[in-house]
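Scroll down for the structure; my scribbles are underneath it.
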Amino acid sequence: MSNWVAAILTTGVSIGLSALSCYVLEPVIAGKPVHIFQCNVNWKKLWLPTMVAIVLLGVNGESVVKAAPPVSTLEQNLWISGIRQDVNLIQSTHTAILANTGPVTTAGEKTKVHVPTGVSIIGDSVTLGTRDYLGQHVANSTIDAEGDRTMNLADQVLIAQ
């Protein structure tokens, strides 16, 4: 169904169930007398419909859980981006190790390590989700993104790079 029909239907059902709960179910549970269309309602009359509704909601909930995908598309994309991030981190670490094991000068000091030019992008899970796009559209970029990263950890990442 379209969004506006779903919104109207959801609003109508929500108002109806709220009114039923407020004007019928809660007063009956509290032991107060309730009159609906010239009929007295008490807990003995509501017990069976209430239990049937609970069972139907349970069956419906179970079918929804069984039909749901085990992994959402967003979660799957974040996992794939995280794996790509780890592969790039391994490659950059490998390059750094090879650069640091370069030839030693006669004075006993290592040669200077070449620092590449470009952009360093440090981010959190939002950046991780857009990692592929950023890599394609930002030239000479190094992307280091990780879920649950806070701003104060960016300094540590920058120092490590």
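For the sequence shown, the residue numbers in the working numbering are 1332 to 1492. Cβ coordinates follow ideal geometry from the N, Cα and C atoms, glycine included.
Taking one beta carbon from each stretch, the segment 1465 to 1485 and the segment 1448 to 1455 have 3 or more pairs nearer than 8 Å; the two touch. Counting C-beta atoms within 10 angstroms of its own C-beta, D1475 has 16 or more neighbours from the protein chains shown and is therefore classed as buried. Here N1408 really is in contact with G1460; their C-beta atoms are around 6 Å apart, less than 8 Å. Taking the Cα positions, Q1369 is about 35 Å away from G1392. Scanning the segment 1354 to 1407 from its first residue to its last, the whole alpha helix (DSSP H) runs of 4-plus residues come out as 1357 to 1361 and 1374 to 1398. Non-local C-beta neighbours of N1371 in its own chain, meaning closer than 8 Å and more than five positions away in sequence, comprise P1364 and V1365, ordered along the chain.
In terms of Cβ geometry, N1471 and V1488 do not form a close pair [threshold 8 Å]. Looking at the backbone, the Cα of R1462 and that of I1421 are separated by about 16 Å.
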